[in-house]
Structures are given as C-alpha cells and as structure tokens.
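Below is the structure:
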C-alpha cells in the first residue's frame, strides 16, 4: 500500500464543490447563529424574568446535548411535526440553532462585563436608556466578545463535518465517499484534515489582526 | 440667604437590612466647596451618589436648586417616581466625576467630552467638538484630544472626565473620591484642576481622603461616621479644634501627616 495523493487530486471538481458547501454552511450558519444568539442575549437581559427563564432552559438543553443528536432530531424528527427538510437546509438550521446557544452565552457575558460605571457615566451626562445601549453598551460589548466569537466560529466550522451524517454534500461527505470508492482512506482523510486546519489558521490570523487593531480600546492601562 | 444648591432632608438609605445613611440633613451652599470626609463605609460616597441619583434614597428628599430630585408626592402623600425626561432635566444641573474615571474606552478624549453634546443636546459635530475642545484646553489636555483612554495616564483620564462633565455646563459638580486611584503626582494635577474650578465659583461637593485639599479649598466640611453626619462646619472649626471625639480620632492620622501645617 502506498500513499498516493494523486488519487484524491484527480477528483478536484468534486472536492471543490464539497469545500464550497462547507464554507457556505460555515459562513451562513455562523452569521445566523451570531444574530440569533444576539437576540437571545438581548431577550435574556431586557425581556423580563419569564423570558429569561424560558431562554435559559432552551440554551441549557442545546448546550447540554451532542450536536450529532440535535441534527438527527432536526432531520429525522422534523417530518413527525410536518417539517420535511432537505439535508442542506436542515443542516443550516441545525448549526444556526446550535451555534446560537453558544453565541447567546458569549453575548450575555459581554453585557455583564461592561463596567457599571460606564453606564452610570452615560446616565450622568443625560443619555436616555436607548442611547446608553446604542452608544455605550453595544460598542463596548462588541469589543469584549470579538475574541470568543471568532473562537466560536472556528468551533462551528469543525462541527460542519457532523452534517455529513445527514448526507449534506459538504467536504467530509465528499472526501469520505472518494476515499471509499478509490480505497484511499488515509489520503482522503489527510486532505480533509489539512483543509480544516488551513481554514482554522486563516480564521485565527484574521482574528489576531482584529484583536491587535482593538488593543487601543482595551479597558484599563496595563 | 439664597436657595441652597442642594438640600438633603431626612435622607435614609438602606441596602436590604443594612442602613447606610440615617436621617441625613445637609445643605450645599451656592458657589462653595463642600467636602464630605469620614472613614471607609461611613456612607459619604453613598450620600454623593444619592445626590447624583445613581442611588435612590429609601426615604427623605433631595432638592436641587429648589426642584425635588427623582420623586414627587401624590395626593395620598405617597412618593411617586417622576418621568425620566423630567428627572434628566433636573440631573442636567449636576456633573459627576467618579473614582474610576469611567471614560468610554471606544471613544477618544474628544469623543468622550463631545458625546453628550451630540447625542443629548443635538449639537452639530463641529459645534460639539469645538466646545469639547475648549474644555480640554481648560484641563490642559488639548494635545491629547485624539487619544483613547487606554493611551492616557490616570490623571489625564480623570481630567478628561472632569472636562466631560463641565462641557455640559452644570451648576453643581460632584466628585466621588476623584484621586483615590491615582498616585501622589497624578493626584496633584487633578487637584489643581479642581482648585481652578473652585476659584471660578463652581458649587462643588467633594468626597475625598485628601484632607489637605479639604482644609485649604473646602468651605464647608461634613464629617460622616456610621451613616450619620457627626459634625458640619468651616474647615477652621473642623481641623483646628475638633470638638468631637470620633472626628479627633479620625483626623489624628492625617494631622500626623502634616495637614495641620496647611491651616
């Protein structure tokens, strides 16, 4: 048995398509998760005790169960409640909801980390509640949550591989199939691992770039 | 006798079971510097924060230039919250300076000072920044206008915070331990700005451990202990011949450090 990478590279069009689906799911899913998570966090902070409790419960369940099981439930369980979805939309919805649970926690901790005094300073110069949220709370929170948000994006990217289980034609599904057809599992999985790693590295570098730009905003003198 | 800038009547503040302020009565005279001194936990900061409406008094009233802050009495004699907009109008007479500066880290010095002018007073960016710049000149920081808070020293941050409050042309300035998180050198530059302000006749209420400042700039000194005002009077009376045992004990530590020389 020899390690022959050409077996894989011959299938470049299929691989490119798979990579495209992975990147699409990742980017759309992450953005949807972040937006949904933001509204959950806002609901928990400003929506009263009842809403806070209800959302807390949902987030706890989503964070406390494996993504694999959640995605099975969306895809195979959906038809029981009249929700028959194709693999791709099912996968997108699954990853958005799963990610939203984590993003809501990131944003919630961001809200809590804004010093109370900064809000009080806003009150003292006459800003209304709405102005304080828009001009102080949200910008400061955004700075605080950027590093953990990018980290979460990286984690979500790796979770997209799970969607191969429900036959979403993303990169893991594509390369697994090629590996099986050509009997070249090691080659296929190596290319797969390399692809994810490169994508993670690029994201990480972008993240560090953003963080460097933000250091002048850091809260206290070192 | 003119109307006091702030009149506190029978003020009580409790946090749960703990009474932090008990039946406080004090008048802050117009155009004078009043200093609240006392040991940690005596309630002096809480009293100041009540004047800024950052804490709501449990009972009693605070009147700012004749207007009652925060609450009104209804026909049944019950206390009712007044509308936020009306309360903001009363609070607009007051400027507040915090121990932790509380500058907004995502705005430059100029941005911090001009923010409320733009957002609250709807001034154009140009006019707001012009007025903000004039305030920064006043605290000696025109060269730091484009700096973010993290790029400024503690003393500079506090001077920006003072400029931010002054830009709104308040009638009364409240200072909550403005130099307590600064080293002695930086403390000096902040106290100088405050001295200038006092010389201009600004009504000031200062919570501070800077007994030297209180002795030289203060015109009324109130000594608090365990949530009560133990003694009020001009600095000569307070520092030269303290007639109160607790006050004497409190001042001993400071007078040892040379504050008596200033009198």
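Protein chains in written order, with the working numbering: chain A, 1 to 222; chain B, 223 to 485. The beta carbon of each residue, even a glycine, is placed where N, CA and C say it ideally should be. Here the structure is a predicted model, which means the values were calculated and not measured.
query, result
"Closest by CA to residue 36/A, which one among 170/A, 107/A, 158/A?", "107/A"
"Who are the Cβ neighbours of residue 274/B in its own chain at under 7 Å, not counting the five residues just before and after it?", "316, 318, 396"
"Grab the span of the beta strand (DSSP E) containing residue 450/B for me, first residue to last.", "450-455"
"Taking residue 225/A as the reference, give the member of 161/A, 174/A, 184/A with the closest Cα.", "No statement about residue 225/A is possible, as the shown extent of chain A runs from 1 to 222 and does not include it."
"Helix, strand or coil for residue 302/B, going by three-state DSSP, please let me know.", "strand"
"Apart from the five residues on each side of it in sequence, which residues of its chain come closer than 7 Å, Cβ to Cβ, to residue 2/A?", "none"
"Counting pairs of Cβ atoms below 8 Å between the segment 251-260 of chain B and the segment 233-242 of chain B, do you hit three or more?", "no"
"Please classify residue 84/A: is it buried, with 16 or more other beta-carbons within 10 angstroms of its beta-carbon, or exposed?", "exposed"
"Any Cβ of chain A within less than 8 Å of the Cβ of residue 261/B?", "no"
"Any idea if residue 76/A is buried or exposed, counting beta-carbon neighbours within 10 angstroms, 16 or more meaning buried?", "exposed"
"Please work out which residues of its chain come closer than 7 Å, Cβ to Cβ, to residue 288/B, disregarding the five sequence neighbours upstream and downstream, and give them in chain order.", "225"
"Counting Cβ pairs, one atom from each stretch, are 3 or more of them under 8 Å apart for the segment 51-71 of chain A and the segment 200-215 of chain A?", "no"
"Less than 8 Å between C-beta atoms, sequence neighbours within five positions excluded: which residues of the same chain meet that for residue 221/A?", "Here residue 221/A scores only 38 on pLDDT, less than 50, and its place in the model should not be relied on; the value that follows carries that caveat. Nothing listed; no residue qualifies."
"Pick from 326/B, 280/B, 306/B, 312/B: whose alpha carbon is nearest that of residue 130/A?", "306/B"
"Classify residue 90/A: buried if its beta carbon has 16 or more other beta carbons within 10 angstroms, exposed otherwise.", "buried"
"Rounding to the nearest angstrom, what Cα-Cα distance links residue 452/B and residue 399/B in this structure?", "20 Å"
"Quickly, what does DSSP pair residue 176/A with across the bridge? List them, please.", "Paired residue(s): none; residue 176/A is not in a bridge."
"Can you name, in chain order, every residue of its own chain whose Cβ lies under 6 Å from the Cβ of residue 16/A, other than the five neighbours on each side?", "none"
"Identify the residues that DSSP records as bridge partners of residue 447/B: which are they?", "450/B"
"Name the residue from 320/B, 371/B, 284/B whose alpha carbon lies nearest to the alpha carbon of residue 125/A.", "320/B"
"Between residue 221/A and chain B, is any beta-carbon pair separated by less than 8 Å?", "At residue 221/A the pLDDT is 38, less than 50, meaning the model places this residue with poor confidence; the figure from the coordinates comes in the next sentence. So yes, residue 221/A belongs to the interface."
"Look at the alpha carbon of residue 449/B and the alpha carbon of residue 335/B, and state the distance between them as a whole number of angstroms.", "34 Å"
"Which residues in chain A sit within 8 Å of residue 413/B, going by Cβ to Cβ distance?", "Here the premise fails: no neighbours, minimum Cβ distance about 21 Å."
"By the three-class DSSP mapping on this structure, what secondary structure does residue 220/A have?", "Any answer about residue 220/A is weak, because its pLDDT of 42 lies below 50 and its placement is not dependable; what the coordinates show is given next. Correct three-state label for residue 220/A: coil."
"Report yes if the CB atom of residue 393/B is closer than 8 Å to the CB atom of residue 227/B, and no otherwise.", "yes"
"Does the segment 111-123 of chain A come close enough to the segment 150-158 of chain A that 3 or more CB-CB pairs lie under 8 Å?", "no"
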